[in-house]
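Participant: Below is the structure I would like to discuss, written out as structure tokens.
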Amino acid sequence: GPSPDLPMQFKNRIAELSGHDLKYLMHKRLFLSDVKPNNNRLSMPINEIMCEFLTQAEIEKLDERNGRNGKGRLVGLELTVLDPCLREFTLPLKKWSMQRTDTYNLVTDWNSIVSTNKFEEGQELQIWSFRVDNKLYLLLNKL
Numbered sequence: 004g005p006s007p008d009l010p011m012q013f014k015n016r017i018a019e020l021s022g023h024d025l026k027y028l029m030h031k032r033l034f035l036s037d038v039k040p041n042n043n044r045l046s047m048p049i050n051e052i053m054c055e056f057l058t059q060a061e062i063e064k065l066d067e068r069n070g071r072n073g074k075g076r077l078v079g080l081e082l083t084v085l086d087p088c089l090r091e092f093t094l095p096l097k098k099w100s101m102q103r104t105d106t107y108n109l110v111t112d113w114n115s116i117v118s119t120n121k122f123e124e125g126q127e128l129q130i131w132s133f134r135v136d137n138k139l140y141l142l143l144n145k146l
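Everything in the sequence shown is counted per this note's numbering, starting at 4 for the first residue and increasing by one.
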């Protein structure tokens, strides 16, 4: 169906940043695994994302590993997350292959976003993406 409407404060912030290419990615209900501090990740199953929001170069970057012969850890794609209060966080997106579906995971500093926003299990979010120049942003709108 059509994309939901994005609240005005986000539209204004995107305009201030000269952002463009706004896309609605998904409706996300936070599971316990998304808010547990020792997990420190937000999972976004790729089959639930409404549209392709990554460039070809970004998709390739998500498969990159460091170390010799690329056998090390996934490098990840650094991006900026705009939280419901318009605060900015920089963190990596990583692609994990799961049995049922591949997922994109926001990792490393996700706990900061959870604690700053007091996110709890069951919280519903809309996840959007946009770009500032070439840089990828994700936006979290709290429902």
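Heads up, the beta-carbon is just placed ideally off N, CA and C, and yes, glycines get one too.
Predicted model only: the values in this text are computed from it and were never measured.
Using 8 Å as the threshold, is the segment 110-125 in touch with the segment 38-48, meaning 3 or more CB pairs across them?
Facilitator: Verdict: yes, contact present.
Participant: Could you pull the start and end residues of the alpha helix (DSSP H) that R68 belongs to?
Facilitator: The sequence position of residue 68 within the sequence shown is 65, counting from 1. No alpha helix (DSSP H) contains R68, which DSSP labels as neither H nor E.
Participant: Going by DSSP in three states, M11 sits in which element: helix, strand or coil?
Facilitator: As a first step, residue 11 must be located in the sequence shown, where it is residue number 8. It is helical.
Participant: Mark T58 as exposed unless 16 or more other C-beta atoms lie within 10 angstroms of its C-beta, in which case mark it buried.
Facilitator: Here residue 58 refers to the residue found at position 55 of the sequence shown. Exposed, since its Cβ has fewer than 16 Cβ neighbours within 10 Å.
Participant: Between E123 and the rest of its own chain, which residues show a CB-CB distance below 8 Å, the 5 nearest in sequence each way excluded?
Facilitator: Counted from its first residue, the sequence shown places residue 123 at position 120. Hits under 8 Å: L33 and V38.
Participant: For M11, count neighbouring Cβ atoms within 10 angstroms of its own Cβ and tell me buried if that reaches 16, exposed if not.
Facilitator: Locating residue 11 in the sequence shown gives position 8, counting from the first residue. M11 is exposed by the Cβ-count criterion.
Participant: Measuring alpha carbon to alpha carbon, tell me which of E51, E55 and L89 ends up nearest R103.
Facilitator: For the purposes of this step, residue 103 is identified with residue 100 of the sequence shown, where counting begins at 1. Nearest C-alpha to R103: E51.
Participant: What are the complete alpha helix (DSSP H) segments, minimum 4 residues, inside the segment 27-103?
Facilitator: The segment 27-103 contains these whole alpha helix (DSSP H) runs: 35-38 and 59-64.
Participant: Excluding the five sequence neighbours on either side, which residues of its own chain have a C-beta within less than 6 Å of the C-beta of T93, listed in chain order?
Facilitator: Here residue 93 corresponds to residue number 90 of the sequence shown, with the count starting at 1. Excluding sequence neighbours, T93 sits near T83.
Participant: Can you list, in chain order, the residues of its chain whose CB lies under 7 Å from that of S6, leaving out five sequence neighbours each side?
Facilitator: In the sequence shown, residue 6 corresponds to position 3, counting from 1. Only Y27 meet the Cβ criterion.
Participant: Under the rule that 16 or more other beta-carbon atoms within 10 Å means buried, what is L35, buried or exposed?
Facilitator: Along the sequence shown, read from residue 1 onward, the residue named residue 35 stands at position 32. Its Cβ having fewer than 16 others within 10 Å, L35 is exposed.
Participant: Can you tell me whether D154 is buried or exposed, with buried defined as 16 or more other CB within 10 angstroms of its CB?
Facilitator: Nothing in the structure corresponds to residue 154, since the chain is present only between 4 and 146.
Participant: Rounded to whole angstroms, what's the CA-CA distance from L9 to G73? Just pull it up for me.
Facilitator: Position 6 of the sequence shown, counted from the start, is the residue given in the question as residue 9. Position 70 of the sequence shown, counted from the start, is the residue given in the question as residue 73. Each residue's Cα considered, the two are about 40 Å apart.
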